[in-house]
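Participant: Chains as they are written, first to last, in my numbering: chain P, 1 to 285; chain C, 1 to 250; chain D, 1 to 224.
A virtual CB, placed ideally from N, CA and C, is assigned to each residue, including glycine.
It should be emphasised that the depicted structure is a prediction, and the values quoted were computed from it without experimental measurement.
Here you go, one structure.
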Amino acid sequence: MNSLHTNRIVDQGFKYLGILATFSGLVILAVFIFNILWDGLDRIDWDFLMGLPSRSASRAGILTAWSGTAWVLGLTALIAIPLGVAAGIYLEEYGRKNRLATIVEINIANLAGVPSIIYGLLGLEIFVRVMRMGSSLLAGACTLSLLILPVIIVATREALKAVPNSLREASYGMGATKWQTIWYQVLPAASGGILTGVILALSRAIGETAPLIVIGALAYVPFVPKTPMDEFTVLPMQIFNWVSRPQHEFLVNGAAAIIILLAITFCMNGFAVYLRNRWQKRINW
Amino acid sequence: MKQIVAEDVNAYYGENHVLKNINLTIRQNTVTALIGPSGCGKSTFLRTLNRMNDYIDSFRLKGKIEIDGKDIYAKKVKVEELRQKVGIVFQKPNPFPKSIFENVAYGLKIQGTKDKKFINERVERSLRQAALWAEVKDILDKSALSLSGGQQQRLCIARTLAVKPSIILMDEPASALDPLSSAKIEELIGELKEKYTIVIVTHNMQQAARVSDRTAFFYVGELVEYNKTSELFTNPKNKQTENYITGRFG
Amino acid sequence: MAQVELEIQALKDNLLDMIELVENQVSKCRKVIEKKDVRLAKEVIAGETKVNAQELAIDKDCENIIALYNPVAGDLRFVLATIKISNDLERIADNACSLAKFLKKYVAHIDHKLLDQFDIEKMLQTCTVMLNDMHEALKKEDTKLARKVFDKDQTLNAINRKSVKSASTLLKEHPEDHKIILRLFTIVRNLERIGDLTKNIGEEIVFHIEAQVLKHHKPEQSKS
């Protein structure tokens with residue numbers, strides 16, 4: 001009877017510990033958001049969103065910053081998604097499962113954890129200098145692609161792994177080739193998982209500043225980029241720039257820009273969660 | 001007419017010798033049951049008939065398997081064509097997570113058939129043959145996963161029928177189903193036998209006795225006895241067969 | 001041991017018991033004649049209910065085994081054989097009982113010479129041995145022993161054929177005993193029937209063990 005009593009206490013105790021941990025996290029998040037909104041919400045208006053940066057805090061806008069972010073995101077997506085998904089498909093469906101494959105798998109997972117500044121240095125040497133892209137959007141996008149490629153590959157592989165083998169068997173049993181099976185059955189079934197992984201990877205890319213600084217994205221860019229070879233800036237850089245200034249007005253600008261960045265990130269993540277839920281409902285093995 | 005001829009078939013998973021000197025002939029339009037305790041090689045043998053074992057890296061086959069007079073393991077054989085001629089239904093129903101219609105039409109899609117009218121007719125015909133048409137004709141667009149287990153299995157049979165195979169392999173098709181659905185599948189087998197050759201692996205000996213014309217008893221990779229079902233179940237020639245079917249072991 | 005195995009074994013034990021019971025009924029009849037002991041005849045008549053009860057019990061067991069255990073191959077053949085054997089045994093016991101009823105009335109004052117003319121004691125002896133052989137054959141699964149019953153049945157058939165002649169001779173010589181003579185003539189026929197039924201039992205035993213159907217085959221063939 002005694003151990004039963006102890007078990008119940010441990011049970012209850014763990015439950016309350018969990019509640020405490022959850023609430024702590026939520027409370028801290030709430031405080032942060034409230035703080036930021038308090039500081040920056042008033043500053044947000046049409047001029048702020050569409051205005052070019054300026055030495056004067058009250059006239060400064062984030063147009064070039066968020067358009068730079070949009071460009072970088074778009075290009076990165078264009079480069080990283082096909083490469084990453086294709087690599088994931090190859091490694092998971094076509095690759096032979098031997099020791100080499102295991103080593104590759106481990107190393108890709110490791111790459112996902114490498115500090116982003118290392119990617120910046122890599123990008124600087126290869127894209128900016130050797131390939132002569134200069135400090136352009138293209139160089140930035142290529143660098144960020146390298147950064148999120150491992151994440152997309154791993155997410156793709158996990159999504160493919162989650163597709164039960166009985167599905168592939170059923171398709172092969174019908175006389176489908178490997179590619180037909182992948183294209184018509186496996187990929188559609190894994191698409192939710194892959195999409196979720198891609199969006200999460202992109203939302204990580206959105207917030208990366210260090211690699212872009214290294215490859216030479218500028219802090220002060222008074223024009224909206226028009227081609228992939230143009231120089232650029234991104235929202236996190238603009239934010240970093242403003243919050244490093246002592247003047248209070250720039251701090252407010254920074255807070256406002258942070259709100260915009262948070263909004264974009266929340267939207268992307270929210271969309272990923274929505275997609276994942278829809279996908280899970282459709283497929284119930 | 002001899003349709004499937006297995007000659008001195010030996011199969012290996014790596015070092016594991018899983019099928020030993022199998023010699024078996026199956027005639028057209030018959031139902032043949034493969035019985036035996038777990039691990040005796042009956043499922044492995046079934047899968048050699050449509051080369052589903054190809055996907056297991058360590059699998060090797062020695063000997064010859066001929067279907068309609070052609071060696072199916074010959075170098076120039078197109079495996080995809082073989083599998084459309086020799087369909088397979090698995091133990092756990094595995095319909096694609098698509099609509100009922102798309103499930104049945106899949107075989108035609110991968111063949112490249114585009115004619116909508118043709119596809120519609122073929123889908124209806126296959127669903128009728130699988131005794132499922134009446135239940136699903138109004139819900140062809142619904143997800144296949146919304147059907148019951150027994151219906152899903154009949155759907156899997158329908159999609160196999162859609163590509164007009166001549167042989168249908170069944171790997172314990174009713175074992176995951178409730179008794180009523182299982183009985184429906186048995187009834188279906190009885191109807192299909194007129195047009196197709198069926199080879200069925202089953203653990204359920206009464207089912208094997210009810211549906212099959214001939215029965216093959218496998219034990220530890222060997223084909224111990226192969227005879228008319230009525231003979232095998234009233235007067236088996238081999239003591240091991242008798243021990244197995246009377247429940248003395250395994 | 002599988003449950004079906006236990007059931008089959010229990011059924012076999014019951015069947016062996018029934019054979020023994022019926023064998024005793026027949027051998028007691030012979031003892032009645034040998035010792036002119038009416039009490040034994042009464043025992044045989046009383047024992048009839050036990051035999052009938054055994055038959056019903058065995059029939060019920062067979063029904064259960066078929067319904068519940070789906071017997072196949074050897075098990076199935078055994079159950080089918082048992083149903084028939086128990087039926088044959090019941091009819092043998094029936095014949096023995098009617099003989100006992102006759103003996104109870106007449107054994108005290110019947111002329112022994114008449115019994116000898118019809119070889120009735122010999123027939124009873126043969127029948128007892130045949131039943132004993134069947135018991136052993138079933139117990140030891142010995143089909144060679146089971147087949148021996150066919151020869152012995154021939155003996156009984158021969159005596160039966162002879163009895164027509166004996167009967168007509170006796171009727172001419174002792175017309176005053178005509179009632180007894182006709183009764184004895186019928187008894188010979190009944191004993192020959194017991195022989196036939198025991199032969200059936202032999203055939204069933206061979207079917208159960210070897211899956212060979214000997215029924216309705218010519219005797220020469222069945223000797224193989």
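With 16 other CB atoms within 10 Å as the buried threshold, where does Glu220/D fall?
Facilitator: With a pLDDT of 49 at Glu220/D, under the threshold of 50, the modelled position of that residue is not reliable, and the figure given next carries that caveat. So Glu220/D counts as exposed.
Participant: Whose C-beta lies closer than 7 Å to the C-beta of Ala81/D among residues of the same chain, with five residues either side of it excluded?
Facilitator: Glu204, Ile205, Phe207, His208
Participant: Is Asn94/C close to chain P, meaning its C-beta is less than 7 Å from at least one C-beta of that chain?
Facilitator: yes
Participant: Give the residues from the region 67 to 87 of chain D that approach chain C closer than 9 Å (Cβ to any Cβ), ordered along the chain.
Facilitator: Residues of the region 67 to 87 of chain D with a C-beta less than 9 Å from any C-beta of chain C: Tyr69, Asn70, Pro71, Val72, Ala73, Gly74, Asp75, Leu76, Arg77, listed in chain order.
Participant: Ala2/D touches chain C at which residues, Cβ-Cβ below 7 Å?
Facilitator: Neighbours of Ala2/D on chain C, chain order: Gly247, Arg248.
Participant: Is there contact here, the region 143 to 152 of chain C with the region 164 to 171 of chain C, by at least three beta-carbon pairs under 8 Å?
Facilitator: Result no; under three Cβ-Cβ pairs closer than 8 Å.
Participant: From this set, Ala57/P, Leu37/P, Val31/P, Ile44/P, which residue's C-alpha is nearest Gln247/P's C-alpha?
Facilitator: Across the set Ala57/P, Leu37/P, Val31/P, Ile44/P, the C-alpha of Ala57/P shows the shortest separation from the C-alpha of Gln247/P.
Participant: Sorted by chain position, which residues of the same chain lie with C-beta nearer than 6 Å to Ile157/C's C-beta, five sequence neighbours on each side aside?
Facilitator: Correct list, in chain order: Val89, Ala130.
Participant: Kindly say whether Phe36/C, judged by its beta-carbon, lies nearer than 7 Å to any beta-carbon of chain P.
Facilitator: A small correction: the amino acid at residue 36/C is Gly; Phe does not occupy that position in the sequence shown. Not one chain P Cβ lies under 7 Å of Gly36/C.
Participant: Measuring straight from C-alpha to C-alpha, what distance separates Lys223/D and Glu81/C?
Facilitator: Interpretation of Lys223/D is limited by its pLDDT of 44, a score under 50 that renders its predicted location unreliable; the figure taken from the coordinates is listed afterwards. If you take the alpha carbons of Lys223/D and Glu81/C, they lie about 59 Å apart.
Participant: Starting from Met170/C, follow the beta strand (DSSP E) in both directions and report where the run begins and ends.
Facilitator: 167 to 171
Participant: Are the region 267 to 280 of chain P and the region 191 to 199 of chain P touching by the rule of at least three beta carbon pairs closer than 8 Å?
Facilitator: yes
Participant: So with Cβ pairs under 7 Å, would you call Gln151/C a contact of chain P?
Facilitator: no
Participant: Looking at the C-beta of Gly192/P, does it have a partner C-beta in chain C at a distance below 7 Å?
Facilitator: no
Participant: Run down chain C in chain order and give the residues with a C-beta less than 9 Å from the C-beta of Leu167/P.
Facilitator: Asn94, Phe96, Pro97
Participant: Is the beta carbon of Arg47/C less than 7 Å from the beta carbon of Asn53/C?
Facilitator: Cβ distance < 7 Å, so Arg47/C and Asn53/C count as in contact.
Participant: Where do the N-terminal and C-terminal ends of the beta strand (DSSP E) with Leu61/C fall, by residue?
Facilitator: 59 to 67
Participant: Give the single residue among Ala257/P, Ile28/P, Ala205/P whose Cα lies nearest to the Cα of Thr71/P.
Facilitator: At residue 71/P the sequence reads Trp, which differs from the Thr that was named. It is Ala205/P.
Participant: State whether the region 242 to 250 of chain C contacts the region 59 to 75 of chain D, with contact taken as three or more CB pairs (one from each stretch) at a distance under 8 Å.
Facilitator: yes
Participant: Note down, in chain order, each residue of its chain lying with its Cβ closer than 8 Å to the Cβ of Ala162/P, except the 5 sequence neighbours on either side.
Facilitator: Result list for Ala162/P: Ala190, Gly193, in chain order.
Participant: Taking three-plus beta-carbon pairs below 8 Å as touching, is the region 82 to 100 of chain P in contact with the region 117 to 132 of chain P?
Facilitator: no
Participant: Does the Cβ of Pro179/C have 16 or more other Cβ atoms within 10 Å, making it buried, or fewer, making it exposed?
Facilitator: exposed
Participant: Could you round the C-beta distance between Ile19/D and Met134/D to whole angstroms and report it? I think they count as a contact, below 8 Å.
Facilitator: 6 Å
Participant: Would you call the region 136 to 149 of chain D in contact with the region 167 to 185 of chain D, where contact means no fewer than 3 C-beta pairs closer than 8 Å?
Facilitator: no
Participant: Just checking my contact of Ser136/P with Pro211/P at CB under 8 Å: how many whole Å lie between their CB atoms?
Facilitator: That pair is no contact at about 14 Å.
Participant: Out of curiosity, what's the CA-to-CA distance linking Trp285/P and Lys226/P?
Facilitator: Residue placement at Trp285/P is flagged as unreliable, the pLDDT there being 44, under the threshold of 50; the coordinate-derived value follows with that caveat. Spanning the two alpha carbons is a distance of roughly 47 Å.
Participant: Does the beta carbon of Gln185/P sit closer than 7 Å to a beta carbon anywhere in chain C?
Facilitator: Chain C contact via Cβ: present.
Participant: Would you list, in sequence order, the uninterrupted alpha helix (DSSP H) runs of no fewer than 4 residues that lie entirely inside the region 69 to 120 of chain D?
Facilitator: 73 to 106, 112 to 117
Participant: Out of Ser86/D, Phe78/D, Ala41/D, point me to the one whose CA is closest to Ala57/D's CA.
Facilitator: Ser86/D
Participant: From the DSSP secondary-structure annotation, give me the bridge partner or partners of Ser143/C.
Facilitator: Ser143/C pairs with Ser99/C.
Participant: Between Ile194/D and Asp37/D, what straight-line distance do the alpha-carbon atoms span, to the nearest angstrom?
Facilitator: Using only the alpha carbons, I get a separation of about 22 Å.
Participant: Apart from the five residues just before and just after Ile215/P, which ones in its own chain have a Cβ nearer than 8 Å to its Cβ?
Facilitator: Gly120, Gly123, Leu124, Phe127, Val128, Ser135, Ala139, Gly140, Thr143
Participant: Grab the span of the alpha helix (DSSP H) containing Phe233/C for me, first residue to last.
Facilitator: 229 to 234
Participant: Is the Cβ of Ala10/D closer than 7 Å to any Cβ of chain C?
Facilitator: Chain C has no Cβ within less than 7 Å of the Cβ of Ala10/D.
Participant: Considering Cα atoms alone, identify which of Glu187/C, Ile119/C, Ile26/C, Gly63/C is closest to Leu132/C.
Facilitator: Glu187/C
Participant: Specify whether the region 239 to 257 of chain P and the region 47 to 61 of chain P touch according to this definition: at least 3 beta carbon pairs, one from each stretch, less than 8 Å apart.
Facilitator: yes
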